[in-house]
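Chemist: Here it is: the structure, laid out below.
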Amino acid sequence: MSFALLFSAFGYGLRHGFDWDHIAALTDISSVEKSKKRAFLLSSFYALGHAAVVMILGVAIILADFTVPESIDTTLMYFIGFSLIALGVWVLTGIFLQGRNFRLKSRWMLIRDGLFKGLKRIRRTSSGRSISVEHSHGHEHERDFELHDHPHGAKVTDSSHRHVHKHELLLDNESISSPTAIGVGVLHGIGVETPTQIAIFVATTQATGKAGGLLILLFWVVGLIIANSAIALLSIGANDWLRTHTVFYRVLAAIIGIVSVIVGILVLIEKDGILPAF
Numbered sequence: 034m035s036f037a038l039l040f041s042a043f044g045y046g047l048r049h050g051f052d053w054d055h056i057a058a059l060t061d062i063s064s065v066e067k068s069k070k071r072a073f074l075l076s077s078f079y080a081l082g083h084a085a086v087v088m089i090l091g092v093a094i095i096l097a098d099f100t101v102p103e104s105i106d107t108t109l110m111y112f113i114g115f116s117l118i119a120l121g122v123w124v125l126t127g128i129f130l131q132g133r134n135f136r137l138k139s140r141w142m143l144i145r146d147g148l149f150k151g152l153k154r155i156r157r158t159s160s161g162r163s164i165s166v167e168h169s170h171g172h173e174h175e176r177d178f179e180l181h182d183h184p185h186g187a188k189v190t191d192s193s194h195r196h197v198h199k200h201e202l203l204l205d206n207e208s209i210s211s212p213t214a215i216g217v218g219v220l221h222g223i224g225v226e227t228p229t230q231i232a233i234f235v236a237t238t239q240a241t242g243k244a245g246g247l248l249i250l251l252f253w254v255v256g257l258i259i260a261n262s263a264i265a266l267l268s269i270g271a272n273d274w275l276r277t278h279t280v281f282y283r284v285l286a287a288i289i290g291i292v293s294v295i296v297g298i299l300v301l302i303e304k305d306g307i308l309p310a311f
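Be aware that the sequence shown starts at 34, since it is given in our numbering, and climbs by one per residue.
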């Protein structure tokens, strides 16, 4: 097997790593994390989840002539398309309603927020999400009652009265779990295994043998991981600057929203092939 063939596999993996869905997903994950280290860690989990699925499917294709059912690929295509449209609409609506306070959020965080809406005692705060629990209890003062910074339901005229206290548990609003990041990568890993890519792996196996096909697959995956890491680093490096330049941030967010809707529509009508490839 020639070095040129392995280098070509690496190049194809690198190019695939810069596809629109990878750029969107990695920017999505890193933009909601305050910690740069954690943002890169979660982006790495995404890349590894994606790469693991590609490796598993690639090995199955090469060794067992397995192919991904077309129905699964089609279902995931519609899911990704609708989620991109929903994200774009949410971004554009949020910019209009929230103005300079608008911040981009991951699609997977939006899904989680939708689940939280069923809990009435969860409300939004500037620092995150809080769960509020109110309870009352009585207590006495030896002399005149004291003023408290918590509200009273009515005026008190004796030494015995009740207070209503509110306890809050703050939840981090800008964090997703490692399994979630891996899950996003797995979803994209399954979705990108189109019949064209399967045919390439099968053709490679026929030309170089199964051992050669596995080696080519490995180089392809290495290129994919390097590309994903580069996207994550660029996105993380730009996040702080964008947060301090709110006008540019909103303009960029509006562009992201519009592009997300357009790409989602193109995916649904199976015309995403006209998008430029890097």
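Where is the CB? At the ideal position from N, CA and C, for every residue including glycine.
Straight-line CA distance for His168 to Leu125?
Modeler: Confidence at His168 is low in this model, with a pLDDT of 49, below 50, so the placement of that residue should be treated as unreliable; the coordinate-derived value is given next. If I take the Cα positions, the gap works out to 40 Å.
Chemist: On the premise that Ala72 lies in contact with Glu66, defined as a C-beta separation below 8 Å, what is that separation, rounded to the nearest angstrom?
Modeler: Right, their Cβ atoms sit about 4 Å apart.
Chemist: Can you tell me whether Tyr79 is buried or exposed, with buried defined as 16 or more other CB within 10 angstroms of its CB?
Modeler: It is buried - the Cβ of Tyr79 has at least 16 other Cβ atoms within 10 Å.
Chemist: Residues in the same chain with beta-carbon distance under 7 Å from Leu96, minus the five sequence neighbours each way, listed in chain order, please.
Modeler: The residues are Lys243.
Chemist: What do you get for Asp61, buried or exposed, if any count of 16 or more other CB atoms within 10 angstroms of its CB means buried?
Modeler: Under this definition Asp61 is a buried residue.
Chemist: Tell me the residue span of the alpha helix (DSSP H) that contains Ile302.
Modeler: From DSSP, Ile302 is part of no alpha helix (DSSP H); its letter is neither H nor E.
Chemist: What's the gap between the Cα of Arg156 and the Cα of Leu248?
Modeler: With a pLDDT of 45 at Arg156, under the threshold of 50, the modelled position of that residue is not reliable, and the figure given next carries that caveat. Those two C-alpha atoms are separated by around 52 Å.
Chemist: Should Thr158 go down as buried or exposed, given a rule of 16 or more other Cβ atoms within 10 Å for buried?
Modeler: Residue placement at Thr158 is flagged as unreliable, the pLDDT there being 44, under the threshold of 50; the coordinate-derived value follows with that caveat. It counts as exposed.
Chemist: By the 10 Å Cβ neighbour count, where 16 or more other Cβ atoms means buried, how is Asp205 classified, buried or exposed?
Modeler: Here Asp205 scores only 46 on pLDDT, less than 50, and its place in the model should not be relied on; the value that follows carries that caveat. The residue is exposed, with fewer than 16 neighbouring Cβ atoms inside 10 Å.
Chemist: Quick one: which unbroken alpha helix (DSSP H) runs of 4-plus residues sit fully inside the segment 44 to 82? Chain order, please.
Modeler: Correct list: 53 to 63.
Chemist: Measure the C-alpha to C-alpha separation of Ala93 and Ala37 and round it to an integer number of angstroms.
Modeler: Taking the straight line from one Cα to the other gives about 25 Å.
Chemist: Shortest alpha-carbon distance to Ala286 belongs to which of Asn134, Phe43, Ile128 and Leu75?
Modeler: Comparing Cα positions, the closest option is Ile128.
Chemist: Can you tell me which of the three DSSP states Ser210 falls into?
Modeler: The answer is coil: DSSP assigns Ser210 none of H, G, I, E or B.
Chemist: Rounded to the nearest angstrom, what separates Ala84 and Leu250 at their Cα positions?
Modeler: Taking the straight line from one Cα to the other gives about 10 Å.
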